[in-house]
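In the numbering used here, the protein residues as written are 33 to 182.
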C-alpha cells in the first residue's frame, strides 16, 4: 500500500502507527492529509456486549457468595446454641452487606460502561474489606466458643 499526499491515513498510535510525534496518548487517532497534517479525529468508543455480560456475571458471583454465607448463617441461627446464634447473626449481617455492596458495585460499573468511561473498573478495596469482616466474624465465633463456653 503506497501513501500518497492525497490519501487519508488513519493510524492508532501503538498499533502500527505511521506517526512519530512524541507525547501523544495511547490510542489517539490521527489522520495524515495533505491540507491538515496531524489532525485529531474523535471516534466513538464501541463497547462490546461481552463487557455488560461480564459485569452481570461478576454481580451474580457476588450474590452466589452472599447466598451461601446467608445459608450458613440461617443454619447457625436455627440450629445453634447461644454462641452459634451470635455467629449466625454476625454472618447474616456480613451476607446482607455483601448483597448491598454487590448491587452498588454492579450499578457503578454499569453506569461507567454506559457512559463509555475509560477503565479501570476493578475494585481494590471491596474484597479486602470483605476478607477483614469475614475473619473478624470467624474470630468472634472462636472467641465466644472457647473463652465463654457454657
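For glycine and all other residues, C-beta sits at the position ideal for the given N, C-alpha and C.
| Item | Value |
| --- | --- |
| Per-residue burial, residue 141 [other beta carbons within 10 Å of its own, 16 or more giving buried] | buried |
| Nearest-angstrom beta carbon gap, residue 102 and residue 127 [assumed within contact, 8 Å] | 4 Å |
| Inter-residue spacing [alpha-carbon to alpha-carbon] between residue 124 and residue 106 | 7 Å |
| C-alpha gap between residue 178 and residue 117, whole angstroms | 15 Å |
| Residue 87 versus residue 122: straight-line alpha-carbon distance, rounded | 28 Å |
| DSSP beta-bridge partners of residue 157 | Residue 157 pairs with nothing; no bridge assigned. |
| Residue 72 - DSSP class collapsed to helix/strand/coil | strand |
| Three-way DSSP call (helix, strand, coil) for residue 139 in this model | helix |
| Opening and closing residue of the alpha helix (DSSP H) in which residue 107 lies | 81–111 |
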